[in-house]
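Novice: Residue numbers (my numbering): 798 to 1486.
Okay, handing you the structure first.
In C-alpha cells:
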C-alpha cells in the first residue's frame, strides 16, 4: 500500500481504542510510516497525531503500562531513527550504483527536525520527552553518530528542556507521567553531554526519580515479598515454592519492569541528582525514602517462611525445583535492590562530606546513622557475599568513621539496633544475620562511648556468642569471630579499664577453651596478644593491676605441657602452603613469644627464659625451628621498644639466652653449666682412681 494511503488509514485507527492485537499492528504501522514517509510535513503530522491518539494512550493497559505504552513509544522512535540513519548510508551507495533508494529518502537531520516539529502543544511535555529520547538513542546510541555535532547539541538541550518542563507540570498529568519522564531520562542521560546534563533541574528530578525506583512502577515499595508465603508449601521435610505459583509469576513480572530491569543506570541517574541538587533538604528526603523502603522490605522478609533458611542449609531445606528456579530468581531481584540502593547512598555519603549544610555536627551523624540503618535493613541480602564491593565498603566505612566521633548518636544507633536480650543464641537465620551486622558495626564505635554504654550495648550482646559450645556452621563462626572482635574493641579503649580488669580472666579462659576447636592459631595469637597489650603499659590497667598480664601468661604456660602436638588443619579459606605447620602446643609457645613486646620491664627477662625453655618442649623439629625463628624475629625486627630490646640483647648475649635457645636447658644438653676459664670447680664427683 502506498505510504500516503497507509498514513490516512492509521490516522483513522488512532481515534479509537482497540484490542491488544490491533494495537500491536498500529505500533508496527507507525514505525513503518516513520521510515517510509518522504514528506516532512507528513512526518510532523504523524507524530502529532500519534502523541494524542486514544488508540495509544487510552488503551486497556496491562499490568505494566510503562512497558506496554511508554517504553514502546520510546522504542518506536529509537528503531525508526536507526533505520533512517542506516537507509541514509545505504542510499548513497545505491545512488552511485543507479539503484532505487530505500525508505523515505530524507537525510537524518531533516527527518529528526520533521519529527520534533510534531511534538507540539497538542500533547504533553512528558510525551515529547519520550519522542526526543528515542530519537537521540537511535542516532547516537552504540557509537552511531548519525547527526552533526550541532544537531546533537540541539537535540540534547531539547531533551533537558522537555524534562524540566515535564517535571514542573506533573501535578496536572496522569500518574504514569512521572515514571515516563524518569524512563526517558534513564535511557537518554548516558548519551548527553555534561553541559546538557547540568541543565536538568535536579531539584525537581530527585524526588520523582527516587519514588519511581521504589514505588509502584519500580520495586513496589518492598511489598513484593508479601505474596510469597501463601504459595510456599511443605514437600516432605523440605519447603517448596512452585515455579507455577502466582507469587513467582509476580516476581518475574516485577523483574521485567523497565525501571527494575534498568535499576543500575537509574541509580546512577538518581546519584547524579543527589550530587547536583541545590536544596539539601531534598537529599534528606530521598534518604528517608530509602530508609522506609528498606525497612518495609526487611519486615516483609521476616514474615515469610523462607527467611528462616540459613544459606548453608538451602540444599537441605528446599526442593530441587525451588533451589534451581524460584530461589535464585528471588535473590537476583533482591540483589538488584541492594546494588541500586548502595549506588544512591554513595552519592548521599559523598554529598554529606562536601556540603556545609550536611557535614556539620548536627547533621553528619544523623545522615551516617540513617545510612547504617539502610545497610542493616539490607544485610540479609549483602551478607550472602555482596558486602565487599568498593562502593559498599566506602559508604559503610565512611559512615562508621563519622558516627564514631559522636557519643550520643552512636549510643542511640546501638540502642535502636541492639538484639533482644534473651540470653541465648537465636535460632532464626534472619536474627543471626542481624546480630552479625550489629556486632560488626559495634566493633568500630566504643572509643567515644561511656563504659556503661560499652558494657550494656556491646559486651553483653557479644558475650552470648563467646561460648565454645556452638555448632560450627559458617554463620556461627562469623558470629563467634565478630563477638571476639567487638569484645577486644571495648577492652582496648582507655576509659574501659574497669571492664578490662573484670573481663580479662574470663575472656582469656574463653580463648583457651575455644582453641583450637573454634578458632585458628592465627586468631588465638592475635586475640591473646591484643589482650596482653591492653593489660600492659601504657594502658591504665597495668598501673592498677600490674600482676594481671603475667597471670594470664601463666594460664597459657601451664597448658603447654598437656597441649596437642599433632599438626592442626589450616583454617577454612587459607592456603595450606601459605602457613607453616602448627600444633596446639607450638601455637601456645608462639603466643608467649608474641606477648614479649608488651610485658612490664621487670618481668621481660624472666619470660624470655621461660620461652627459651618451653620451646624445647615441642617434639617436632620443624615446628620447633619455626618457633625459634619467631623468637629471633621478635628480638631483632624492631617489634620491641628500645628498653625491652636492650634487655633482649643482654639476655641473648651474656645471660645464657643464646645457649638456651640453640641447645636447650642444661639438663637436656647433658653437661654442666658454662664455666669461666680458670674457675674453681667442685671435685666431689671426681674419680678417686
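We treat Cβ as the ideally placed atom computed from N, Cα and C, and that holds for glycine.
If distances are taken between C-alpha atoms only, which option among 1317, 819, 1350 comes closest to residue 1269?
Specialist: For this step, residue 1269 is matched to residue 472 along the chain shown. Closest option to residue 1269, Cα to Cα, is 1317.
Novice: Which residues share a DSSP beta bridge with residue 1030?
Specialist: What you label residue 1030 is simply residue 233 of the chain shown in a count that begins at 1. According to DSSP, residue 1030 bridges with 1037.
Novice: State the start and end residues of the unbroken alpha helix (DSSP H) segment that holds residue 832.
Specialist: Within the chain shown, the letter at position 35 stands for residue 832. 817-833 is the span of the alpha helix (DSSP H), which, as asked, contains residue 832.
Novice: Can you confirm whether the segment 1139-1159 touches the segment 1097-1110 when touching is taken to mean that 3 or more C-beta pairs between the two stretches lie within less than 8 Å?
Specialist: The segment 1097-1110 is not in contact with the segment 1139-1159.
Novice: Under a three-way DSSP split, which group does residue 920 fall into?
Specialist: Taking the chain shown and counting its residues from 1, the one referred to as residue 920 is at position 123. Of the three classes helix, strand and coil, the one that applies to residue 920 here is coil, per DSSP.
Novice: Using DSSP's beta-bridge definition, name the partner residues of residue 1333.
Specialist: Here residue 1333 is taken as the residue at index 536 of the chain shown, counted from 1. Partner(s): none; residue 1333 has no beta bridge.
Novice: Inspect the beta-carbon positions of residue 1088 and residue 1035 and report whether they are closer than 9 Å.
Specialist: On the chain shown, residue 1088 is found 291 positions in, with the first residue counted as 1. On the chain shown, residue 1035 is found 238 positions in, with the first residue counted as 1. No. Outside cutoff.
Novice: Residue ranges of each beta strand (DSSP E) run of no fewer than 3 residues wholly in the segment 1000-1086, ordered along the chain?
Specialist: Those beta strand (DSSP E) runs which fall completely within the segment 1000-1086 and span 3+ residues are 1030-1032, 1035-1037.
Novice: Would residue 1172 pass as a contact of residue 1193 if the rule is Cβ separation under 9 Å?
Specialist: As a first step, residue 1172 is located in the chain shown; it is residue number 375 there, counting from the start. As a first step, residue 1193 is located in the chain shown; it is residue number 396 there, counting from the start. A contact, by the Cβ cut-off of 9 Å.
Novice: Applying the 10 Å Cβ sphere with the 16-neighbour rule, what's the burial state of residue 816?
Specialist: In the chain shown, counting from the first residue as 1, residue 816 sits at position 19. Label assigned to residue 816: exposed.
Novice: Could you tell me the alpha carbon to alpha carbon distance between residue 1009 and residue 1020, rounded to whole angstroms?
Specialist: In the chain shown, the residue the question calls residue 1009 occupies position 212. In the chain shown, the residue the question calls residue 1020 occupies position 223. C-alpha separation (whole angstroms): 15 Å.
Novice: Measure the CB-CB distance between residue 1295 and residue 1349 and report whether it falls below 9 Å.
Specialist: As a working note, residue 1295 is residue 498 in the chain shown. As a working note, residue 1349 is residue 552 in the chain shown. Going by C-beta atoms, residue 1295 is not nearer than 9 Å to residue 1349.
Novice: In this structure, how does DSSP classify residue 1459 when only helix, strand and coil are distinguished?
Specialist: Looking up residue 1459 in the chain shown gives position 662. Reduced to three states, the DSSP call for residue 1459 is helix.
Novice: So which of 1253, 1218, 1419, 981 has the shortest CA-CA distance to residue 1208?
Specialist: The sequence position of residue 1208 within the chain shown is 411, counting from 1. It is 1253 whose Cα lies nearest to the Cα of residue 1208.
Novice: Quick one: using the 10 Å Cβ neighbour count with 16 as the cut-off for buried, is residue 861 buried or exposed?
Specialist: As a first step, residue 861 must be located in the chain shown, where it is residue number 64. When all chains shown are included, residue 861 counts as buried.
Novice: DSSP has residue 1115 in a bridge; who is on the other side?
Specialist: On the chain shown, position 318 is the one that residue 1115 refers to. For residue 1115, which the question treats as bridged, DSSP gives the partners 1036.
Novice: Is the Cβ-Cβ distance between residue 1404 and residue 1412 less than 9 Å?
Specialist: Along the chain shown, read from residue 1 onward, the residue named residue 1404 stands at position 607. Along the chain shown, read from residue 1 onward, the residue named residue 1412 stands at position 615. Not a contact, by the Cβ cut-off of 9 Å.
Novice: What do you reckon, are the CB atoms on residue 1297 and residue 1336 nearer than 9 Å?
Specialist: Here the question's residue 1297 lines up with position 500 in the chain shown. Here the question's residue 1336 lines up with position 539 in the chain shown. Yes, they are a contact pair.
Novice: Could you have a look at residue 996 and say whether DSSP puts it in helix, strand or coil?
Specialist: On the chain shown, residue 996 is found 199 positions in, with the first residue counted as 1. If DSSP states are grouped into helix, strand and coil, residue 996 belongs with coil.
Novice: Alpha carbon to alpha carbon, how far is residue 1163 from residue 875? Give it in angstroms, no decimals.
Specialist: Your numbering for residue 875 matches position 78 in the chain shown. Your numbering for residue 1163 matches position 366 in the chain shown. When rounded, the distance between both Cα atoms is 44 Å.
Novice: Determine whether the beta carbon atoms of residue 1141 and residue 1064 lie at a separation below 9 Å.
Specialist: Taking the chain shown and counting its residues from 1, the one referred to as residue 1141 is at position 344. Taking the chain shown and counting its residues from 1, the one referred to as residue 1064 is at position 267. Against a cut-off of 9 Å, the Cβ pair of residue 1064 and residue 1141 comes out as a contact.
Novice: Under the assumption that residue 1214 contacts residue 1189 (Cβ atoms under 8 Å), give the Cβ distance between them as a whole number of angstroms.
Specialist: Here residue 1214 is taken as the residue at index 417 of the chain shown, counted from 1. Here residue 1189 is taken as the residue at index 392 of the chain shown, counted from 1. Actually they do not touch by this definition, with Cβ atoms about 18 Å apart.
Novice: Given residue 1123, which residues of its chain have a CB within under 7 Å of its CB, disregarding the five upstream and five downstream residues?
Specialist: Stepping through the chain shown from its first residue, residue 1123 is reached at position 326. Same-chain partners within the cutoff: 1038, 1040, 1045.
Novice: Should residue 1272 and residue 1299 be called a contact, given that it needs their Cβ atoms to be closer than 9 Å?
Specialist: Residue numbering aside, residue 1272 sits at position 475 when the chain shown is read from its first letter. Residue numbering aside, residue 1299 sits at position 502 when the chain shown is read from its first letter. Taking 9 Å as the Cβ cut-off, residue 1272 and residue 1299 do not qualify as a contacting pair.
Novice: In angstroms with no decimal places, state the Cα-to-Cα distance between residue 1354 and residue 1032.
Specialist: Residue mapping note: residue 1354 aligns to position 557 of the chain shown, counting from 1. Residue mapping note: residue 1032 aligns to position 235 of the chain shown, counting from 1. Approximately 55 Å, taken between the alpha carbons.
Novice: Who are residue 1364's beta bridge partners in DSSP?
Specialist: For this step, residue 1364 is matched to residue 567 along the chain shown. Bridge partners of residue 1364: 1380.
Novice: Among the candidates 1432, 1379, 1398, whose CA atom is the shortest distance from the CA of residue 1415?
Specialist: Residue 1415 sits at position 618 when you count from the first residue of the chain shown. Comparing Cα-Cα distances from residue 1415 to each of 1432, 1379, 1398, the minimum goes to 1379.
Novice: Please classify residue 1075 as buried or exposed, where buried requires at least 16 neighbouring CB atoms within 10 angstroms.
Specialist: Looking up residue 1075 in the chain shown gives position 278. The residue is exposed, with fewer than 16 neighbouring Cβ atoms inside 10 Å.
Novice: Can you tell me whether residue 880 is buried or exposed? The criterion is at least 16 other CB atoms within 10 Å of its CB, across all chains shown.
Specialist: Within the chain shown, residue 880 is the residue found at index 83, counting from 1. Under this definition residue 880 is a buried residue.
Novice: Cβ of residue 1101 within 9 Å of Cβ of residue 1231?
Specialist: Taking the first residue of the chain shown as position 1, residue 1101 is located at position 304. Taking the first residue of the chain shown as position 1, residue 1231 is located at position 434. Result no, Cβ atoms of residue 1101 and residue 1231 do not sit closer than 9 Å.
Novice: Under a Cβ-count criterion, where at least 16 other Cβ atoms within 10 Å of its own Cβ denotes burial, should residue 1186 be classed as buried or exposed?
Specialist: Along the chain shown, one-based indexing puts residue 1186 at 389. Exposed, by the Cβ-count rule.
Novice: Take the Cβ of residue 1153 as the centre, count every other Cβ of all protein chains shown within 10 Å, and call the residue buried at 16 or more, exposed below.
Specialist: Locating residue 1153 in the chain shown gives position 356, counting from the first residue. Counting Cβ neighbours within 10 Å, residue 1153 comes out exposed, since fewer than 16 surround it.
Novice: For residue 1426, is the classification buried or exposed, using 16 other Cβ atoms within 10 angstroms of its Cβ as the cut-off for buried?
Specialist: Taking the first residue of the chain shown as 1, we reach residue 1426 at position 629. By the neighbour-count rule (16 or more Cβ atoms within 10 Å), residue 1426 is not buried but exposed.
Novice: Using the three-state DSSP reduction, which class does residue 1300 fall into: helix, strand or coil?
Specialist: For the purposes of this step, residue 1300 is taken as residue 503 along the chain shown, with counting starting at 1. Here residue 1300 sits in helix by DSSP.
Novice: What is the DSSP secondary structure of residue 1240, reduced to helix, strand or coil?
Specialist: As a first step, residue 1240 is located in the chain shown; it is residue number 443 there, counting from the start. Looking at residue 1240 - three-state DSSP - the assignment turns out to be coil, as it is neither helix nor strand.
Novice: Out of curiosity, what's the CA-to-CA distance linking residue 873 and residue 1091?
Specialist: Locating residue 873 in the chain shown gives position 76, where the first residue counts as 1. Locating residue 1091 in the chain shown gives position 294, where the first residue counts as 1. If I take the Cα positions, the gap works out to 36 Å.
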